Structures are given as C-alpha cells and as structure tokens.
C-alpha cells in the first residue's frame, strides 16, 4: 500500500469514518483537516474537533517520537511506513503501540495536495506477544528446574552406588555395580546437557558423545596408552526421548568393547560415529578392532547387554546391524529416523 503514490480526487469522510483503523488527513500547510472516529479511540480524545485544525508541526509528541520527519516526507510526495512504535498521545495521554502508513494525495498534475495517514493500533497484539513471551520464559524456567531436580536425584543414586561399591569384595558383583554406575551416568549426562542447552528440549548429541566416552574411560580406569578412542560425530539435535536411548546404547556397546575386546592388555581402539545416513535417518556406529567373535555367537554373546541394545533401538524406531569376526573386531550400526 505504501509503495504506491496515487491520486484521490475526492475522499468521503463517511467512508473514512467506517474504516476499521485510524485515518486522518493533513493539508500542505500541516493542518489536520480530518480525524476519523477510530483515530479518536486510538488517541484517547473525546472528539475529533480537539485535533482537527491543529498544525501537526506544533504537536510536540510528533517530534518527540520521530513522526514529524515522516510527515514531512509524506507532504513532499513520499509514501512511508512505520512499524510498531510506542506513542503517548499529546492530548488524550493514551499510550499505545501503532503502525503508520503515509499516502500522499496528488492532483492530476502529480502535485501533492494532502497526506492521508492510516494508523493501526497494534497494542493488543503487542501485549499478547509479550504475554506469550513471558509464558514461554516461565515454562522454560520450570522445565530447567525439573531437569535440575532430576539431575540431582540421579546424582544421589550414582553416589549411593559409588559408596556401596567400596564395600563389595566380590569382583563380579563389583563389576555389575560399575556397569550400573555407567548407565546412570549416561542418563545423568543427558540431563546435564539439557539443563545447559539453550533449547531445553534438545541437546547437541555429537558434543554429548565426547563427554560420555571420556566419562566411561575414566570410570573403567582405561589405560589410554593401550586403548584409545576416536569420535566422528556431526552436530545432531536430539530430544530427550531419543538422546537417552542413544546414550544407553553407546554406553552398553563401549562398555562391552572395554570388557571383552581387548583381553590381556591387548592394544586397540574404539571408534564412535554419528552421521546422516540420508535426509530422513541418522546412523550411529560403534566399532572396535578387538578380538571379535564368531557370527554364530553374535546373538548369544553378552545376551543381556545385546537384548538391552535391541530394546533401546526399538524405542527410537531404529534397526540394528552387527558385524563381528574373530581377530578383526566388532562393528554395531544403528539406523534411526530423524525427528523434526
């Protein structure tokens, strides 16, 4: 509307009064010739006569809020548009947020005779937006508080297991406690990442993997001179329902590699990868160059652990593929769909 300068040979005041937004007309001398009924409401004056006849250049608020320079442009023949400014009317003292559209009215020779100003009161929309923002901030604070409490509760459980493990003499039982600690720590790290994330509902899982693997190597007191790790992960934003199963899958597979792939201080490496398989799917891989195992024993080896991995893969609607050969290592590939 404001990009077009056009001729209005005659304007009906009745038509302008029926507009659903404010409208007023200023002549070449800067005097307000007409003030429609909607503009009366927006300004907070009692009647149009309080404004009609006044020179716009003498109304201090027009200069104060930067409107006068636009009015001058309009009177010189330039259309203009101002979006969402705060304005307190000079006479009515009513505060509002407004959008202005200035349309020069020209004669047949192209000379500007008047300026038609259209004013839209966007105060209600602006207030609604502010309320929505406030609600979102409040929701974000609440979610962060919930995440913080969950994280603290997980930390308490982890600490209790840590204390119990110190009193357990049996090696097998102690290993089970350590594995449970690893699983809990994996979930705890997800909640820590969510708490620190700018988006409370999603985390950068590629960055999370690094923290998880470092934690597992520290938990199992891995000699980095014997077993190393490499991570090749893209930046992938996962929500909590995806992140926790993926975290537990990685935890289980890396734990298995640390426990079984490198016996008798065998040197080796564990590689963890996360990439886009295609436009719709991610591909998560964990592979080692350890001793591996026969194809016939893939399903039976560490059956409880692999049952857990399969169950977790199903939770993220993923498919799982395991490749393993004696003395060539083991590779596990999980393909799962991306979510919006």
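Numbering (UniProt numbering), first residue to last: 1 to 340.
Think of the CB as a built atom: it goes at the ideal place given N, C-alpha and C, for glycine as much as any other residue.
Source: prediction; values computed, not measured.
The continuous stretches of beta strand (DSSP E) do not include residue 235, and DSSP gives it neither H nor E.
The DSSP-derived three-state label of residue 277 is coil. Burial check for residue 282: the Cβ neighbour count within 10 Å reaches 16 or more, so the residue is buried.
If you ignore the 5 residues before and after residue 70, its C-beta comes within less than 8 Å of the C-beta of 80, 82, 100 and 102, all in its own chain and listed in chain order. For residue 154, the closest alpha carbon among the candidates 176, 189, 63 and 239 is that of 189. By the C-beta criterion, the segment 159 to 174 is judged not to be in contact with the segment 110 to 125, since fewer than 3 inter-stretch pairs fall below 8 Å. Taking C-beta atoms as the reference points, residue 263 and residue 234 fail to come closer than 8 Å. Residue 137 counts as exposed, since fewer than 16 other beta carbons sit within 10 angstroms of its beta carbon. From the listed residues 179, 201 and 148, the smallest Cα separation to residue 217 is found for 179. Taking C-alpha positions only, residue 215 is separated from residue 169 by approximately 24 Å.
Counting only runs of 4+ residues, the alpha helix (DSSP H) found wholly inside the segment 100 to 184 occupies 123 to 167, in chain order.
Closest by C-alpha distance to residue 197, out of 140, 242, 249 and 166, is 140. According to the DSSP assignment, residue 325 belongs to the beta strand (DSSP E) that extends over 319 to 325. Nearest to residue 324 by C-alpha distance, out of 312, 240, 276 and 288, is 288. Residue state for residue 47 is assigned as coil, using DSSP reduced to three classes.
In the displayed model, residue 204 falls within a strand according to three-state DSSP.
For the pair residue 252 and residue 333, the CB atoms are not nearer than the 8 Å cut-off.
When C-alpha distances from residue 28 are compared across 43, 60, 107 and 40, the shortest belongs to 107. When beta bridges are read from the DSSP output, residue 332 appears opposite 286 and 322.
In this structure residue 132 is exposed. Its beta-carbon is surrounded by fewer than 16 other beta-carbon atoms within 10 angstroms.
Separation of the CB atoms of residue 231 and residue 249 is rounded to 15 Å, and the pair is thereby denied contact status at 8 Å. Take residue 120, set aside five residues on each side of it, and the residues of its chain with a beta-carbon closer than 6 Å to its own are 21 and 99, in chain order. C-alpha of residue 134 to C-alpha of residue 85: approximately 20 Å in a straight line. Across the set 24, 55, 57 and 31, the C-alpha of 24 shows the shortest separation from the C-alpha of residue 43.
Beta-bridge partners assigned by DSSP to residue 24: 35 and 117. When DSSP reads this structure, residue 96 sits in a beta bridge with 87. Taking a C-beta distance under 8 Å as the contact criterion, residue 151 and residue 192 qualify as a contact pair. Sequence-distant partners of residue 90 (beyond 5 residues in either direction) whose C-beta falls short of 7 Å from its own C-beta, in its chain, are 59, 60 and 61.
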